[in-house]
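Scroll down for the structure; my scribbles are underneath it.
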Amino acid sequence: MEAKAANAGSAAKDSEEDVQDRAIEENDEDEVFNSKTMQDSLTAIDRQYAAQPDVPRRVHILGTGSIGKLVAHSLRGLPNPPPVTLMLHRKMLLRAWEAGKQEVTMLDDGVEVKRSGFDVELMPLTRREHGVDLKDGQASVYDFDTESKPHEIAKQLAAEQAQRSTLPEPSPSDALSEEDPDPPSSEPLEPIHNLIVTLKAPTTLSALRRLRPRLLPTSTICLLQNGMGVIDTLNTHLFPDPAQRPNYMQGIITHGVNVPPAKARIDPFYAVHAGHGTIALGLLPRDDLTPGTPRGAAKGEPENPDIWAKSSRYLLRTLTRAPVLCAVGFTPLELLQQQLEKLAVNSVLNPLTVLLDARNGSILYNFALTRTMRLLLAETSLILRSLPGLRNLPNINARFSAARLETLVVSVANLTSNNISSMLADVRAGRQTEVEFINGYVVRRGEELGIKAVVNYAIMQVVLGKGMIGQRERREDVTFEKGMDPNAADL
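FYI, in our numbering the residues of the sequence shown are 1112 to 1602.
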């Protein structure tokens, strides 16, 4: 009797558990059905703000300069922060990270705030010479002791690389042979879904070229940098096929962040948030896709009726919910106008301070420099007001008039009178400047419209020439007369 009672009790218990399991499954099915029904009932605009649980959360940050540190530090300070990966371009930075406390420190209003939990990744150490990619440690095309010219050697190396890429993959026994005891890892690299780029505009193409295999049509690249025309360069050289291009987001940042040189030598992951500002963000529409191609969807995936890719909306939400960044989203057309205003200011302030080798306030109260400023702005104003994308907008002639642009330049020069422009800092450090993406952008757009921007072109060439002089001096390429070289030994 006792055995029968025990068996009956266990059977009743099992039946109760089965009933509970079925109830849970039915609830899950109801939730899925309700979620799908809710998504279907939303309008196209409301769907942009609906939660997307299947979006990869990891954010990669390319560029560990002052702005890159600020963005990484701010994202890790969020409630339920996203995983953040810092992409390092030098082995020295990786060694400093591993040897240090593995945290990013931001000095804000006299208080040091340290945040950790970052992942780091060393980018592929490659370089590009005469159109061919060379790995770290591979001989330069200039080092070959032959009669062939460097560009001819580059063609031979490119042909060899193409031939190797068509060969079948080696078998496991070949990979573990004694002649090659350390075979390269065959594990595929993780795709990059959310990428924030804070590099200088001239170095963006070479850096993203190394990440090209990891960028998908569903990925989103957020560009936080000065200058314009970077996206055109990327599309021309990296993403010629419109269907395979990633999604783009651009930003205008007004935060003041700097890295003291003395502190940078001790801790390369330290920065000072000197001035609080804002970030204006805007998603660029994918109007270049062929008809019928889903927006933000790769081949083989179901069609996505939403306007923006899921990764684009996720990255925009993540940046806008960081209170320190104070990021705001704008329409593409409004963001373009703000970019052009900042471009007009930088096209005057940056090159003039480079040529004067002085702070921003030096261009004020100087009539000779005011004449130069007005010549630059007269060209820039005419070109901006003639752009096809802005031609039919109301109040464009007033917004981009030479007089208003001059007011903006003088206002910025007054507010930052004691600061050194980023272009002047690059010239003093022997780095490549962004003048070709600032004044050079004005020149290129003018050529498309049949307008010759002579003053902008001349200013750009002088800045490039001064940068070359500084680079030669740093490489000790400038010859000294006898007795003038301070580093020469006494004869």
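Backbone N, C-alpha and C fix where the C-beta goes; we use that ideal spot for every residue, glycine too.
State buried or exposed for residue i, treating a residue as buried only when at least 16 other CB atoms are found within 10 Å of its CB.
| i | result |
| --- | --- |
| valine 1606 | Since the first residue shown for the chain is 1112 and the last is 1602, residue 1606 is missing from the structure and cannot be characterised. |
| leucine 1444 | exposed |
| isoleucine 1580 | exposed |
| glutamate 1301 | exposed |
| proline 1235 | exposed |
| serine 1458 | buried |
| alanine 1116 | Any reading at alanine 1116 needs caution, since the residue's pLDDT is 49, under 50, leaving its predicted position unreliable; the model's value is listed next. Result: exposed. |
| tyrosine 1476 | exposed |
| valine 1566 | buried |
| glutamate 1209 | exposed |
| serine 1059 | The structure shown does not extend to residue 1059, since the chain is modelled only from 1112 to 1602, so the question has no answer here. |
| isoleucine 1377 | exposed |
| glycine 1388 | exposed |
| proline 1402 | Low confidence applies to proline 1402: its pLDDT is 39, below 50, so where it sits in the model is not reliable enough to give any reading. |
| serine 1492 | buried |
| asparagine 1550 | buried |
| glycine 1362 | buried |
| glutamine 1572 | exposed |
| glutamate 1140 | In this predicted model, glutamate 1140 has a pLDDT of only 47, less than 50, meaning its place in the structure is not dependable; the value taken from the coordinates is given anyway. The residue in question, glutamate 1140, is exposed, as its Cβ has fewer than 16 Cβ neighbours within 10 Å. |
| methionine 1534 | buried |
| arginine 1585 | exposed |
| aspartate 1352 | exposed |
| glutamine 1450 | buried |
| threonine 1329 | buried |
| valine 1366 | Contrary to the premise, residue 1366 reads as histidine rather than valine in this sequence. So histidine 1366 counts as buried. |
When the distance is taken between beta carbons, is residue j closer than 8 Å to residue i?
| i | j | result |
| --- | --- | --- |
| leucine 1181 | alanine 1312 | no |
| alanine 1509 | arginine 1502 | no |
| phenylalanine 1441 | leucine 1392 | yes |
| leucine 1334 | valine 1341 | yes |
| threonine 1429 | valine 1439 | no |
| arginine 1226 | glycine 1188 | yes |
| valine 1215 | histidine 1184 | yes |
| asparagine 1471 | alanine 1524 | yes |
| leucine 1316 | leucine 1345 | yes |
| leucine 1395 | methionine 1360 | yes |
| glycine 1578 | valine 1538 | yes |
| methionine 1339 | tyrosine 1568 | no |
| isoleucine 1364 | isoleucine 1332 | no |
| arginine 1605 | isoleucine 1307 | Here the chain comprises residues numbered 1112 to 1602, so residue 1605 is not present and cannot be evaluated. |
| histidine 1384 | valine 1370 | no |
| proline 1379 | alanine 1564 | no |
| threonine 1464 | serine 1512 | no |
| leucine 1310 | glycine 1174 | yes |
| leucine 1233 | leucine 1199 | yes |
| tyrosine 1425 | valine 1166 | yes |
| alanine 1469 | leucine 1519 | no |
| serine 1473 | leucine 1467 | yes |
Opposite residue i in the DSSP bridges: which residues?
| i | result |
| --- | --- |
| methionine 1198 | Leu1173 and Glu1232 |
| lysine 1225 | Thr1216 |
| glycine 1367 | Gly1386 |
| alanine 1391 | Ile1363 and Val1439 |
| asparagine 1191 | Asparagine 1191 is not bridged to any residue. |
| asparagine 1358 | Thr1331 |
Flag residue i as yes if its beta-carbon sits less than 8 Å from any beta-carbon of chain D, otherwise no.
| i | result |
| --- | --- |
| phenylalanine 1229 | Going by chain labels, chain D is absent from the structure shown, which holds only one protein chain. |
Across the region 1552-1567 and the region 1484-1504, are there enough close Cβ pairs to call them in contact, namely three or more that are closer than 8 Å?
Judged by Cβ distances under 8 Å, the region 1552-1567 makes contact with the region 1484-1504, as three or more pairs qualify.
Any contact between the region 1475-1484 and the region 1532-1548? By contact I mean 3 or more CB pairs, one from each, below 8 Å.
No, the region 1475-1484 is not in contact with the region 1532-1548.
Continuous alpha helix (DSSP H) assignments of at least 4 residues falling wholly in the region 1421-1500
Listed in chain order, the complete alpha helix (DSSP H) runs (minimum 4 residues) inside the region 1421-1500 are 1421-1431, 1443-1467 and 1478-1496.
Output the residue ranges of the alpha helix (DSSP H) runs that lie fully inside the region 1547-1579 and measure 4 residues or longer, sorted by chain position.
DSSP runs (the alpha helix (DSSP H)) wholly in the region 1547-1579: 1550-1560.
Residue ranges of each beta strand (DSSP E) run of no fewer than 3 residues wholly in the region 1301-1342, ordered along the chain?
When DSSP assignments are scanned along the region 1301-1342, the uninterrupted stretches of beta strand (DSSP E) that are 3 or more residues long and fall wholly within it turn out to be 1303-1308 and 1326-1335.
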